Structure formats: structure tokens, C-alpha cells
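Numbering (my numbering), first residue to last: 22 to 340.
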């Protein structure tokens with residue numbers, strides 16, 4: 022691991038975004054001294070801004086790119102992530118584990134500021150406790166359609182124990198170019214989160230590579246949540262590189278694809294509606310990539326399960 026903290030690594034990405042704000046379609050705001058970069062909340066933003074948001078969310082421990090792809094014969098970009106250190110990048114940083122609720126404001130929070138707050142149950146486990154941080158800055162990503170007001174800045178500053186001037190927030194709504202990119206860039210993260218739910222030892226995962234189709238920007242955030250989830254659940258392909266014995270890897274890999282869930286098979290928007298738009302009623306085993314390959318670099322054996330479902334993707338994206 023590099024000497025820089027997760028937050029310092031993200032800060033360098035955020036500062037480069039600020040320097041290129043006009044080019045990237047980003048609008049910066051100063052809210053109570055905090056720097057808020059609107060990448061797709063009230064602005065159109067750009068795909069490039071989304072790629073940089075995703076890099077910042079991963080603490081710049083991954084490359085994030087767009088490559089040509091297709092869904093049901095229709096050309097769509099693929100969001101590709103190549104993750105260097107999966108556990109800190111995906112679990113201690115990128116995972117959207119902080120529900121930011123202040124009065125009537127709500128946003129899902131991700132990024133390395135989570136490692137400063139570190140009150141999530143995840144950070145109480147030995148593997149993740151070592152990623153708790155106390156650097157001189159905090160960087161977070163908020164999925165939101167609103168610029169956070171002063172009371173939200175006060176709430177976040179209090180919890181990361183820093184003055185607002187040391188807080189940087191990157192914001193975008195899901196129904197935006199940048200917002201769609203940064204959500205779909207979570208293909209590897211969903212695989213690790215599923216493995217964690219399966220009680221697999223994540224310290225054995227040494228690298229990750231994933232791709233998922235970038236859906237058309239939806240007309241509203243609810244529809245966008247459906248499409249971006251479908252991009253991962255029915256379209257993501259993930260390769261994980263692991264160590265150790267084959268038997269446990271094979272057993273875990275078999276349960277990794279989203280098709281292992283009883284809720285698999287319909288566009289996410291329909292599933293979400295069926296459960297009264299309550300994420301917690303949905304089978305948690307659904308939230309994982311469509312197709313996985315786990316390569317054991319100790320033994321040289323590989324285990325692959327699942328498949329991309331173009332039929333569901335086409336219904337979600339084009340109907």
C-alpha cells in the first residue's frame with residue numbers, strides 16, 4: 022500500500038477535478054467552507070466527471086475507463102474497473118455504507134470519508150479496523166439531487182472530526198451521466214460485498230477486474246436506480262484473483278452470481294416496486310455481478326459461474 026491515506030489519495034483526484042471544472046462540466050460550491058463539486062446534481066456534467074468520481078470513490082486505487090460494448094445488439098459503453106487493492110478500495114472506501122440523514126436531507130454516502138467516521142458495523146471487524154483513518158482531509162461521494170445545505174456540512178464535519186474547510190464532497194444524482202458511471206463502476210465492489218456476506222475471508226482477494234454496461238440516462242432517479250442496478254445484476258462480468266485452497270473458492274464462487282438469488286429474473290425496478298421500494302426487503306444475495314470468474318493464483322485453477330442476461334437488460338434499458 023502507498024504511504025498516502027485513502028482520503029489523501031482521493032483528495033488529489035478531487036483537486037484535479039476542481040482544476041478542470043469547466044472542461045468536465047462540474048460546478049464547484051463553497052458551503053460553510055466545505056468544497057462541494059456538483060458533477061451531475063443540478064448540472065449535465067460529463068462521462069469524464071463520472072470516471073473521476075469513481076476513481077475518487079475508490080481512493081484512486083483503481084483505474085476506471087470506458088470501452089465499447091453492446092447490449093442486445095445496441096452499442097453501449099462498458100464501465101471497466103481494474104482494482105489494485107480490493108479490500109480498502111472497495112469495502113473501506115467505495116461501498117455506499119453511510120446513510121447521510123439530516124432533517125429532510127438524505128443521501129447515500131460513500132468514499133474514503135467512511136474510513137474516518139468508521140462507525141459502520143463493517144469497521145468493527147478486525148480486517149477493516151486497520152483501515153480507519155485520521156488524516157487532515159475527508160473526501161466523500163453523495164448520491165443526491167441536491168447540494169448539501171450547511172446543516173449537512175456541519176453533520177459530516179462533526180463526524181469526521183474536521184473543520185468544513187477540510188471536507189470535499191463530490192455529488193451527482195443517479196439520473197445523470199456522472200452519477201450513472203460512478204454507480205456502474207461498482208461491479209467489483211458488489212462481488213466483494215457478496216463474499217463478505219457469505220463470510221468469505223476477503224484478505225484472500227488480491228486483485229479485481231470488472232465491467233458492466235452503462236445504461237441510458239433515465240428520466241428520473243427512481244428509474245435510474247433500476248437501470249444502474251440492472252447493469253450490475255444482469256450485465257456485470259467480474260474476475261477476482263485469490264489465494265489459498267480451491268474448495269472454499271469454488272464454493273464461494275458458485276454463490277456469487279446474482280442468479281443465485283430467489284429474486285433474480287426481473288428488472289430491478291419491478292423487484293423494487295414489489296417490495297414497496299424498501300431495499301431491506303429484497304434478498305441481499307441479489308446484489309452481486311451477473312457473471313464471475315475466480316482465479317486461484319496459488320493453484321492455477323479457475324472457477325466461473327453465472328451469465329449475462331441480455332433479455333432483462335434490454336427490457337430495463339430500452340422498453
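Glycine is no exception: its CB is placed at the ideal position from the N, C-alpha and C atoms.
Bear in mind the structure is a predicted one, so any value in this text is a computation, not a measurement.
Check your understanding: Cβ of residue 80 within 8 angstroms of any heavy atom in the ligand MG?
Key -> In the structure on display, the ligand MG does not appear, and there are no ligands present to speak of.
Exercise for review: Take every Cβ of the stretch 38–46, pair it with every Cβ of the stretch 116–130, and state whether three or more of those distances are shorter than 8 angstroms.
Suggested key: Judged by Cβ distances under 8 angstroms, the stretch 38–46 makes no contact with the stretch 116–130, as fewer than three pairs qualify.
Exercise for review: Identify, in the order they occur along the chain, each residue of the same chain with its Cβ nearer than 8 angstroms to the Cβ of residue 22, setting aside the five sequence neighbours on each side.
Suggested key: In the chain shown, the residue the question calls residue 22 occupies position 1. Caution applies to residue 22, whose pLDDT of 45 falls short of 50 and renders its modelled position unreliable; the value that the coordinates give is listed next. So the list reads 106, 109, once near-sequence residues are dropped.
Point to revise | Cβ-based burial, residue 226 [other Cβ within 10 Å; buried from 16] | key: The sequence position of residue 226 within the chain shown is 205, counting from 1. Classification for residue 226: buried.
Practice item. Would you identify the three-state DSSP class for residue 252, choosing helix, strand or coil? Key: Here the question's residue 252 lines up with position 231 in the chain shown. Of the three classes helix, strand and coil, the one that applies to residue 252 here is helix, per DSSP.
Point to revise | Per-residue burial, residue 113 [other beta carbons within 10 Å of its own, 16 or more giving buried] | key: Within the chain shown, the letter at position 92 stands for residue 113. Buried.
Check your understanding: Between the Cα of residue 309 and the Cα atoms of 228, 285, 301, 244, which residue gives the shortest distance?
Key -> Taking the chain shown and counting its residues from 1, the one referred to as residue 309 is at position 288. Cα-wise, what sits closest to residue 309 is 285.
Exercise for review: Sort 137, 209, 313 by Cα distance to residue 29 and report the nearest one.
Suggested key: In the chain shown, counting from the first residue as 1, residue 29 sits at position 8. The residue with the shortest Cα to Cα distance from residue 29 is 137.
Review point. Which residues in the same chain have their Cβ closer than 7 angstroms to the Cβ of residue 67, if we skip the five residues on either side of it in sequence?
Key: Sequence index remark: in the chain shown, residue 67 carries index 46 (1-based). Contacts found: 45, 46, 198, 199.
Practice item. Kindly indicate which three-state DSSP category residue 317 falls into: helix, strand or coil? Key: Here residue 317 corresponds to residue number 296 of the chain shown, with the count starting at 1. Here residue 317 sits in strand by DSSP.
Exercise for review: May I ask which residues mark the beginning and end of the beta strand (DSSP E) holding residue 161?
Suggested key: Stepping through the chain shown from its first residue, residue 161 is reached at position 140. Residue range 159–164 is occupied by the beta strand (DSSP E) that includes residue 161.
Review point. Smallest Cα separation from residue 178: which of 337, 134, 147?
Key: Reading the chain shown from its first residue, position 157 is the one you call residue 178. Of 337, 134, 147, the smallest CA-CA separation from residue 178 is found for 134.
Exercise for review: Could you name each continuous beta strand (DSSP E) segment of 3 residues or more that falls completely within the stretch 233–313, going from the start of the chain to the end?
Suggested key: If we require 3 residues or more, the beta strand (DSSP E) runs fully inside the stretch 233–313 come out as 258–263.
Review point. On the three-pair Cβ rule with 8 angstroms, is the stretch 150–170 touching the stretch 26–41?
Key: Short answer: they touch.
Exercise for review: State the start and end residues of the unbroken alpha helix (DSSP H) segment that holds residue 129.
Suggested key: Position 108 of the chain shown holds residue 129. Here residue 129 belongs to no alpha helix (DSSP H); instead the beta strand (DSSP E) covers 126–131.
Check your understanding: Beta carbon of residue 207, beta carbon of residue 111: below 9 angstroms?
Key -> The residue labelled residue 207 in the question sits at position 186 within the chain shown. The residue labelled residue 111 in the question sits at position 90 within the chain shown. Result yes, Cβ atoms of residue 207 and residue 111 sit closer than 9 angstroms.
Review point. For residue 78, which option in 176, 192, 218, 264 has the closest C-alpha, if you only look at C-alpha atoms?
Key: Translated into the one-based positions of the chain shown, residue 78 becomes position 57. When only C-alpha atoms are compared, the closest one is 192.
**Study point:** CB contact flag (residue 245, residue 239, <9 angstroms)
**Key:** Translated into positions along the chain shown, residue 245 becomes position 224. Translated into positions along the chain shown, residue 239 becomes position 218. A contact, by the Cβ cut-off of 9 angstroms.
Review point. How long is the line joining the alpha carbons of residue 101 and residue 89, rounded to whole angstroms?
Key: Your numbering for residue 101 matches position 80 in the chain shown. Your numbering for residue 89 matches position 68 in the chain shown. Residue 101 and residue 89 have their alpha carbons spaced roughly 10 angstroms apart.
Review point. Nearest to residue 331 by alpha carbon, out of 70, 95, 72?
Key: By 1-based counting over the chain shown, the position of residue 331 is 310. When only C-alpha atoms are compared, the closest one is 95.
Review point. With distances taken from CA atoms, which of 322, 141, 39, 152 is nearest residue 224?
Key: Start at 1 with the first residue of the chain shown, and residue 224 comes out as number 203. Out of 322, 141, 39, 152, 152 has the C-alpha closest to the C-alpha of residue 224.
Check your understanding: Hey, residue 83 and residue 38: beta-carbon distance below 9 angstroms or not?
Key -> Within the chain shown, residue 83 is the residue found at index 62, counting from 1. Within the chain shown, residue 38 is the residue found at index 17, counting from 1. Not a contact, by the Cβ cut-off of 9 angstroms.
**Study point:** Residue nearest to residue 104 in terms of C-alpha spacing, selected from 302, 76, 91
**Key:** Here residue 104 refers to the residue found at position 83 when the chain shown is read from its first residue. Taking residue 104 as reference, the option from 302, 76, 91 with the minimal CA-CA separation is 76.
Practice item. Tell me whether residue 195 sits in a helix, a strand or coil according to DSSP, three-state version. Key: Here residue 195 is taken as the residue at index 174 of the chain shown, counted from 1. It is coil, neither helix nor strand.
Review point. When burial is assigned at 16 or more other CB atoms within 10 Å of the CB, is residue 51 buried or exposed?
Key: Stepping through the chain shown from its first residue, residue 51 is reached at position 30. Per the 10 Å Cβ criterion, exposed.
Practice item. Could you tell me the distance, in whole angstroms, from the CA atom of residue 99 to the CA atom of residue 294? Key: Counting from one through the chain shown, the residue named residue 99 turns up at place 78. Counting from one through the chain shown, the residue named residue 294 turns up at place 273. Approximately 27 angstroms, taken between the alpha carbons.
Review point. What do you reckon, are the CB atoms on residue 186 and residue 42 nearer than 9 angstroms?
Key: If you number the chain shown from 1, residue 186 lands on position 165. If you number the chain shown from 1, residue 42 lands on position 21. No, these two residues do not count as a Cβ contact at 9 angstroms.
Check your understanding: Using CA coordinates, which residue listed in 81, 87, 97 is at the minimum distance from residue 339?
Key -> To locate residue 339, count along the chain shown from 1; it is residue 318. Minimum Cα distance to residue 339 is reached at 97.
Exercise for review: Mark residue 321 as exposed unless 16 or more other C-beta atoms lie within 10 angstroms of its C-beta, in which case mark it buried.
Suggested key: Sequence index remark: in the chain shown, residue 321 carries index 300 (1-based). Counting the other Cβ atoms within 10 Å of the Cβ of residue 321 gives fewer than 16, which makes it exposed.
Check your understanding: What is the rounded straight-line gap between the Cα of residue 147 and the Cα of residue 222?
Key -> To locate residue 147, count along the chain shown from 1; it is residue 126. To locate residue 222, count along the chain shown from 1; it is residue 201. Roughly 11 angstroms between the two C-alpha positions.
Practice item. For residue 122, write down the residues that DSSP places opposite it in a beta bridge. Key: In the chain shown, residue 122 corresponds to position 101, counting from 1. Its beta-bridge partners are 127.
Point to revise | Nearest to residue 305 (by Cα), restricted to the options 58, 289, 313, 314 | key: Taking the first residue of the chain shown as 1, we reach residue 305 at position 284. Closest by alpha carbon: 289.
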